[in-house]
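Chemist: Before we start, here is the structure in question, set down as C-alpha cells.
In full-length UniProt numbering, the protein residues as written are 1 to 217.
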C-alpha cells in the first residue's frame, strides 16, 4: 500500500466515524481535515469535497453488505444461525449508520447513490425471503398465500428504517444518540414480526423471552 493509499484510507475511516457519530451534514471538509491533522488543501488533493468521500464510503458499504446479504441465498443457514445472522445484518448497517439517518436527503444531494441504494433494498428483501423460505421448508414457519412476500418486505423496511424510527421517536440531542443497544432491539423486533408464523409456538416464545432487550422489559 502506498503512502497516498494510507492517507486516503485514514480520510475514509475518520470520515465514517465522524459522519456516524455527528451526522454527515454536521461535518465539513475543514472539520475532517482538522481531526485528521492535515490541511484542507491536502484533503482536497485526495478528495474534491465531501461528496466523493461519501460515494467511496458507500461503495465500501455496498460491497460489505452484499457479502453479508448474499450468504443465506447462496447457502441455507442452520436453524440456530438465523438469529445470529440477524445481528450481523444490523451490525453491518450500524457500522455505516449515517447512510440511514436521512437517506432521501443524502440521495438528493448525491444522486449517484440512488440506484445502488435501491439495489441493496431489493437484496435485503430477497435475503429475508430466502431466510423465511428455508425456515418454512424446515417445517418451522407456516405461511398463507402472499404472507411470506409481505413479511419479507416488512423485514426489509425494518432493517432500513429502524434507526430513523429511534431518531424520530426519541428526538434529537446527545442524550438520545443511538447506541449499540439498539441492535438488540432491532433483532428482537425482527423476531417479533416472525413470531406469528412460527409452527411450534412455545419454542419461539422462549427464544423471544431470551432475546428481549432489558429496555423493553
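Beta carbons are placed, not taken as given, at the ideal position from N, Cα and C, and that holds for glycine.
Report the three-state DSSP secondary structure of residue 131 (helix, strand or coil).
Modeler: As a first step, residue 131 must be located in the chain shown, where it is residue number 131. Residue 131 falls in the helix class under three-state DSSP.
Chemist: If the criterion is Cβ atoms closer than 7 Å, does the pair residue 34 and residue 50 meet it?
Modeler: Here residue 34 corresponds to residue number 34 of the chain shown, with the count starting at 1. Here residue 50 corresponds to residue number 50 of the chain shown, with the count starting at 1. The answer is no: Cβ separation not under 7 Å.
Chemist: Would DSSP call residue 141 helix, strand or coil?
Modeler: One-based indexing of the chain shown puts residue 141 at position 141. Three-state result, residue 141: strand.
Chemist: Going by C-alpha to C-alpha distance, which of 165, 188 and 132 sits closest to residue 197?
Modeler: In the chain shown, counting from the first residue as 1, residue 197 sits at position 197. Checking every option, the nearest Cα to that of residue 197 belongs to 132.
Chemist: Could you give the distance in angstroms between the alpha-carbon of residue 78 and the alpha-carbon of residue 37?
Modeler: Sequence index remark: in the chain shown, residue 78 carries index 78 (1-based). Sequence index remark: in the chain shown, residue 37 carries index 37 (1-based). Their backbone Cα atoms lie some 47 Å apart in a straight line.
Chemist: Under the DSSP definition of a beta bridge, which residues are partnered with residue 198?
Modeler: Reading the chain shown from its first residue, position 198 is the one you call residue 198. In the DSSP output, where bridge partners are listed per residue, residue 198 has 141.
Chemist: Rounded to a whole number of angstroms, what is the C-alpha to C-alpha distance between residue 70 and residue 55?
Modeler: On the chain shown, residue 70 is found 70 positions in, with the first residue counted as 1. On the chain shown, residue 55 is found 55 positions in, with the first residue counted as 1. Going from the Cα of residue 70 to the Cα of residue 55 covers about 22 Å.
Chemist: Less than 8 Å between the CB atoms is what I'm expecting for residue 73 and residue 127, so what's the real figure, rounded?
Modeler: Working through the chain shown from its first residue, we reach residue 73 at position 73. Working through the chain shown from its first residue, we reach residue 127 at position 127. Rounded, the Cβ-Cβ distance is 6 Å, consistent with contact.
Chemist: Between which two residues does the alpha helix (DSSP H) harbouring residue 151 extend?
Modeler: Here residue 151 refers to the residue found at position 151 of the chain shown. Here the alpha helix (DSSP H) through residue 151 covers 147-170.
Chemist: Does the segment 161-173 come close enough to the segment 84-102 to have 3 or more Cβ pairs within less than 8 Å?
Modeler: yes
Chemist: Return the residue from the list 138, 84, 157 and 130 that minimises the CA-CA distance to residue 148.
Modeler: Indexing the chain shown from 1 puts residue 148 at position 148. Ranking the options by Cα distance to residue 148, first place goes to 130.
Chemist: What three-state label does DSSP hand residue 38 in the structure shown?
Modeler: On the chain shown, residue 38 is found 38 positions in, with the first residue counted as 1. In the structure shown, residue 38 sits in coil (DSSP, three-state: anything other than H, G, I, E or B).
Chemist: Any chance the CB of residue 87 is under 6 Å from a heavy atom of the ligand SAH?
Modeler: Ligands displayed in this structure: none; no statement on the ligand SAH is therefore possible.
Chemist: Would you kindly work out how many angstroms separate the C-alpha atoms of residue 146 and residue 159, rounded to a whole number?
Modeler: Locating residue 146 in the chain shown gives position 146, counting from the first residue. Locating residue 159 in the chain shown gives position 159, counting from the first residue. Distance between the alpha carbons of residue 146 and residue 159 is about 20 Å.
Chemist: How far does the alpha helix (DSSP H) with residue 234 in it extend, from its first residue to its last?
Modeler: Residue 234 lies beyond the residue range present for the chain, which begins at 1 and ends at 217; the question has no answer from this structure.
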